[in-house]
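Residue numbers (full-length UniProt numbering): 1 to 995.
All residues carry an ideal CB built from backbone N, CA and C; glycine is no exception.
Below: one structure, written as structure tokens.
Laid out in structure tokens, this is it:
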């Protein structure tokens, strides 16, 4: 094999014009040659060849940006040419595996980048924010660096062909912006909405984009038009929703099933795929399962937001639906691209001791997917499953890294698939649940139950009992109905209230719902007098460990896999990490003594597994170490958008890094959309990051704080939208661990975090955010952060107050004194807040913003609320009136802030006993809320009950009773009869009737 990888067998090899040549000519021939070349290259060169084939296919099918992708492909092929030219010399060199491992790693990044442009959803990004020049530059420079390394390694000869390859690899790669002209045209003609409405303009923009002819005008319209469909990432589903439900944020399930998947043939050109989907979903059980998996808010409808959470933008529709249903496609589909390593994939993803996939079940499973290298626990998993079929609770005890969480997921999946847990298989993650409120919140999130201020245990137990009822019951009290996995229970054991809450819940569940099985994982015993059966989980067998290593690094000999397994002490986490490092050349067999020494040192000090993990993480590249250290800020699973925020990366760079870290075992897939880092990996990545760069951690934490506050603002805004308030609650419930982490970080902010303390304080305590946090019952945990933020703000605020100067930033909303006033108000220190609010109002109205600026309205309302809290109603009323007039005049009568102002004024007047005027205001607010938010919105029902109360105050009992009855019925239907808000409305109704 001495020829060029792309031109073997041809009379000449010319790479002097790496523009569109490879994308237009000889692709089939090149693919065949690469397929033949791959097996002849020593590992990991064989894997690299397969990856180049995959990249070649992606370039061929790219929707846009093909010139830049071709440039990267040519450089990747040039590197492969060198491997083909020196098949005997390179493997004998010690650094061969390391350098080619880096090349393989880099090819994974190029492949991920190319996948972005094989998806038509990239077009919206191209015409709004432009191409991904920074990622292209990084990837091209990476190939240049690798070229230098491999040429130094082999001491390349000076024949003409090698010189051409050298020139190609080392020259600067020019970036060609694929959408500059199209973006300019869109900007010149009034934006995307204007372009979509004008067919001639749209055609001109499409022409400027130079996109694939596979993308129709209908597709372009769906991608560029604004609307709820833009929330859906999966392109086929996005186009389907745009075509059939344009402008709708949600549709009834009956209406969806009337069109899906059969009507996909109108928007999807692949008739065979549509037929497969129809075959897959013709089964009623699978349709029920599909609904249960996607439902997060309302069992009667499906929203675009729920589809965005269930489907990613990179995988095809059939694959993702099969993943959601945990089933196989009805007919095998041919692969478009070669897998990265066929032998490795077959052995790793289908071990013979994993439970087989059964028919779809109609109740939900929240279980995380098993990692592809899950091997060696088959008999143990079946034994645990058999135990739970007969008894109520089992605790899996093991130190970190043994795979107890994965074992628990496997056990629950076996029970679920076998039909033993038809009531559901739920997953409660207690990672970093360090308070009683956090423990309650995690259970409520898994059960889809709203957290309240008190008595959450009763609601959790009621929801657990409903799991048993869902299954239809059994022939006996102890017949199994559902399974609940409680993961990382040891974290709740670190705090007394959390410990007591968890033990109390477990005790009640065992007594009140014995048919719901509980499977816990913990590093430490739970104690507390609970009758808990414990099972210690140890390392896997040496034979299974060797199989795991072999599945990941298939080029190792049998004896070498045994040596690796022994050095890793057969610990699953360490085995996966070390095997990946060996496969990519980051570690070599000669490094095994170093691993053994680290483990021995760990035994002497703290934990041998952690010490070994640290060595493996240290073998990562610098950028990967930094990324892992930053991502360790997440306490639980996170998606690409969250990673992008914390890593401060744009374009495809975050996805590229996540895929590479997954490939190295640093991250695992939590589901189709999210990633998670093992606790031990997270701890060691954090420590290593501090050693590499002490600023990494605080910077990442600061970006995490800003990201979470942005999400909090978004959720609070969604909560005020009729079609989205349920989605806001569901989204926040899923991020309970992140909210807890946010509060923890806010209590310890330092200048190194790089955040604007005043802006953070105002974001946290603005009225909408506080109202939303009240709904989540997270106001109490806010006190600590507010006191810490106030301590940081008070010196600056006091100084500013003493000088009486204008806000330094020019915007009253971000001044330290306004932020300090907001903190003081939240903490109940009204007199101190009063002084600062008055100063802020004067500065805003007289000097900075002017009397008609929304910032001035906020200052009026803030001072009014502060006066009302002190009982100074006469002073507060004119401020509320002035704010209401401004809101009504500038924002309009139906704006949420205008309606809130009416509510504020009514509450103030009611305190003065002017009930007739109060009734008029509440009547006005109710009609506006019905129209703006809908009858079923919680804020609408609050106003309805307030209006009923005002009528009751006036002695209009019959009218009050009618309103109370309506509110009770609505709350029963929306929240359930056992909800505290429903109970409160019922008590008010009973009191009214008693009159």
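Beta-carbon within less than 8 Å of residue i's beta-carbon, same chain only, minus the 5 sequence neighbours each way: which residues are those?
i	result
residue 298	250, 726
residue 494	434
residue 138	653
residue 692	622, 625, 626, 629
Output needed for residue i: all residues of its chain with C-beta closer than 7 Å, excluding positions within five of it in sequence on either side, in chain order.
i	result
residue 512	461, 465
residue 124	223, 224
residue 302	250, 251, 253, 256, 294
residue 56	27, 30, 31, 73
residue 686	629, 632, 697
Span of the beta strand (DSSP E) holding residue i?
i	result
residue 106	Segment 96-117 is the alpha helix (DSSP H) holding residue 106; no beta strand (DSSP E) there.
residue 425	425-429
residue 487	482-487
residue 521	516-522
residue 533	533-536
residue 235	No beta strand (DSSP E) contains residue 235, which is instead part of the alpha helix (DSSP H) from 235-244.
residue 150	Looking at the DSSP string, residue 150 is not in any beta strand (DSSP E); the run it does join, the alpha helix (DSSP H), is 133-154.
residue 252	250-252
residue 396	393-397
Where do the ends of the alpha helix (DSSP H) carrying residue i lie?
i	result
residue 912	Note, residue 912: premise wrong, no alpha helix (DSSP H); not H, not E.
residue 301	Careful: residue 301 lies outside any alpha helix (DSSP H), inside the beta strand (DSSP E) at 301-303.
residue 453	It is not in any alpha helix (DSSP H) - residue 453 carries neither H nor E in the DSSP assignment.
residue 499	496-512
residue 72	66-85
residue 950	938-953
residue 542	542-552
residue 265	Taken as a continuous stretch (DSSP letters only), residue 265 belongs to no alpha helix (DSSP H), as it is neither H nor E.
residue 193	192-197
residue 311	Element bounds for residue 311: n/a, residue is neither H nor E.
What residue from the options has the CA that sits closest to residue i's CA?
i	options	result
residue 423	990, 88, 463, 201	463
residue 996	495, 536, 281	Past the boundaries of the shown model lies residue 996; the chain is included only from 1 to 995, so the question cannot be answered.
residue 378	387, 410, 639	410
residue 600	588, 95, 613, 589	613
residue 607	932, 571, 670, 195	571
residue 425	484, 231, 186, 148	484
residue 949	984, 935, 856, 60	984
residue 300	988, 982, 974	974
residue 827	815, 122, 869, 953	869
residue 226	239, 215, 438	239
residue 366	766, 610, 526, 290	290
residue 921	930, 906, 910, 929	906
residue 703	884, 721, 741, 733	741
residue 60	694, 38, 31, 43	31
Can you tell me whether residue i is helix, strand or coil according to DSSP?
i	result
residue 648	coil
residue 61	coil
residue 275	helix
residue 368	coil
residue 566	helix
residue 209	helix
residue 229	helix
residue 964	helix
residue 379	helix
residue 47	helix
residue 285	helix
residue 416	helix
By Cβ distance, which residues of its chain are closer than 6 Å to residue i, with the 5 residues on each side in sequence left out?
i	result
residue 436	497, 498, 501
residue 182	127, 205, 208, 209
residue 746	785
residue 752	698
- Please specify which runs of the beta strand (DSSP E), each continuous and at least 3 residues long, are wholly inside the region 687-730, giving them in chain order. none
- Query: Which ranges does the alpha helix (DSSP H) cover as unbroken runs of at least 4 residues, wholly within the region 730-806, from first to last along the chain?
  - Reply: 736-746, 757-765, 767-775, 783-803
- Start-end ranges of the alpha helix (DSSP H) lying completely within the region 827-892, minimum 4 residues: 830-843, 854-869, 873-890
- Message: Please give me, in chain order, every unbroken run of the alpha helix (DSSP H) with length at least 4 that falls completely inside the region 619-690.
- Response: 622-631, 640-647, 653-663
- Message: To test your reading of the DSSP string, which unbroken beta strand (DSSP E) runs of 3 or more residues are found completely within the region 580-617?
- Response: Listed in chain order, nothing qualifies, since the region 580-617 has no complete beta strand (DSSP E) run of 3 or more residues.
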